[in-house]
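Visitor:
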Amino acid sequence: MKSSLLGQQAQECLTGLKSAVTDILQALPGDLEQPRDVYKTLGIDRMIGWNIFKLHEVEDCFLSVRHIPRKAAFMGFLRAASRKGVDNELLSAASENFIRFEELVEMHAGDRPSMEMMLLAYSEEGAGHASLDHRKLAFTGNRFLYGLETGTRLTMSLFEPTESPLDWKLTLLKGSFGLRRNRPDIPWFYMRPRVFTEFGGKPQAPESKPLIKPSNGVTLPYYTQFCSCSLPGIKSHTGFVESIEEIFPLETGNAGLMDLVFAEVVDLHGFVMDEPSSTSAKVITPCHLAAMDIIVPTFFADNSKFLPHVVSSILEELDTYNSQLIDLAESILPIKPVFEIKPTVKQISLEGVNNYREIVEDVFKRRDLNPLNYTTIRISVPFPVVPSNLDITWKPVKKHS
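Structure follows, in structure tokens:
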């Protein structure tokens, strides 16, 4: 446990309260082996009985804070235990510990939800649950504030070697699956790919072309066969960002649900894969799941170490290669992403993308590549913070002679 006044006081208080509740339950008649035994024996509300049992059962005292009933409910539990003949000394100990907890809430937080949030941070398991719960709350608010939401946001980067070790091809796919508008008149943005170099002062816009040749005057690199909507055009653009006109001219909500996918091929000149590098995907739309796949030749994957990061968007673009700042930015978000490495032929699905396998097969076919020779590295986060970055860094593994 991290040392702090709150942590020390809360651990002592919660341990005492848990112990007092356990003593009361053990003093009741019969064997109380599950929550229903508590509320049936005492004749109290089911939810109160369930929480009392969980307060006794949970080993981590900081997790137990989620199960402490409100004052009226807890005092009702004590009165019910008294009617069942529980000794007054046990009841007084529980009451005193509960009052201490209430005083602790007032001193450090002011209200129970804030106290729960603060104490769960002291528990590894509790922090994980709290992070997901609060990201879901943030998603609920952001889906209105941003006016857009999507089921799954996928960024896929396929690195393809060429005859020159300093020249690579990058097929970049960006897809929003199950995208909808929640407020009228909401525009959409397309961000051009950017390349950063360790010594370059500013990001560079590499030369690129659509994976599929556009038609009818379309200027954005739509992956048309995987789009399930009419394709909006560019309304305005500045630098790396293209502002797209209305995506749903008439509909909001599920009536306008759509998949919007872009794919382009980028020329990477003077790019050395087997040096410490990274690739990032910026999360700018509230979504149920954000995922980033980087697909690299298996010979490269076998000789490299990959690390996932979820980084808060407090960094300037020039901070990309400052490992200390990246570590700091990553530590701000209490998120542990899902991370996996698989042969590309075995990475055949992604939640929310029903045609994921078909997309990968089509990309490889168009690039005339064999997926048997490639490995997929995936990072994914449910209900990610908006805005933030999914990032995968890699560095060559030192070979021992």
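Under the numbering used here, the letters of the sequence shown match residues 45 to 445, in that order. By construction, the Cβ of each residue, glycine as well, lies at the ideal position given by its N, Cα and C atoms. These numbers come from a predicted model, not from an experiment.
Under a three-way DSSP split, which group does E286 fall into?
Guide: Because the pLDDT of E286 is 45, which lies under 50, any placement of that residue in the model is unreliable, and the number read from its coordinates should be weighed accordingly. In the structure shown, E286 sits in a strand (DSSP, three-state: E or B).
Visitor: Taking its Cβ as the centre, do 16 or more other Cβ atoms sit within 10 Å of Q78, making it buried, or is it exposed?
Guide: With fewer than 16 Cβ atoms within 10 Å of its Cβ, Q78 is classed as exposed.
Visitor: What would DSSP say about I376, mapped onto helix, strand or coil?
Guide: The answer is helix: DSSP assigns I376 an H, G or I state.
Visitor: For H332 and A165, what's the separation of their Cα atoms in angstroms?
Guide: Their Cα atoms are separated by approximately 23 Å.
Visitor: Going by CA-CA distance only, name the one from I339, Y266, S175 that's closest to K386.
Guide: Nearest C-alpha to K386: I339.
Visitor: Please determine if the stretch 395-409 and the stretch 309-318 are in contact, where contact requires at least 3 C-beta pairs separated by less than 8 Å.
Guide: Taking 8 Å as the limit for Cβ pairs, the verdict is that the stretch 309-318 does not touch the stretch 395-409.
Visitor: Does the Cβ-Cβ distance between V397 and F221 come in under 8 Å?
Guide: In contact: V397 and F221 (Cβ atoms closer than 8 Å).
Visitor: Starting from the N-terminal side, write out each stretch of the beta strand (DSSP E) that is 3 residues or longer and does not extend beyond the stretch 200-232.
Guide: The stretch 200-232 contains these whole beta strand (DSSP E) runs: 211-225.
Visitor: Which partner residues of A334 appear in the DSSP bridge assignment?
Guide: Bridge partners of A334: R197, V425.
Visitor: Are the CB atoms of S167 and D104 within a distance shorter than 8 Å?
Guide: Their beta carbons are under 8 Å apart, which means D104 touches S167 by this criterion.
Visitor: Is the beta carbon of F315 less than 8 Å from the beta carbon of W438?
Guide: Contact: no.
Visitor: What do you get for S424, buried or exposed, if any count of 16 or more other CB atoms within 10 angstroms of its CB means buried?
Guide: With 16 or more Cβ atoms within 10 Å of its Cβ, S424 is classed as buried.
Visitor: Is the beta carbon of T296 sitting closer than 8 Å to the one on R225?
Guide: Yes, these two residues count as a Cβ contact at 8 Å.
Visitor: Taking the straight line between their C-alpha atoms, what separation do you get for I421 and S139?
Guide: Rounded to whole angstroms, I421 to S139 spans 53 Å at the Cα level.
Visitor: Considering only their Cβ atoms, is the gap separating L99 from K62 smaller than 8 Å?
Guide: It is a contact, given that the beta carbons lie within the stated cut-off.
Visitor: DSSP puts M302 in a beta bridge; with which residues?
Guide: M302 is bridged to L223.
Visitor: Alpha carbon to alpha carbon, how far is G170 from V102? Give it in angstroms, no decimals.
Guide: Distance between the alpha carbons of V102 and G170: 11 Å.
Visitor: So who's on the other strand from A182, going by DSSP bridges?
Guide: A182 pairs with nothing; no bridge assigned.
Visitor: Judging by CA-CA distance, which residue of P428, P440, S357, K442 is the nearest neighbour of L198?
Guide: The candidate whose alpha carbon is nearest that of L198 is P428.
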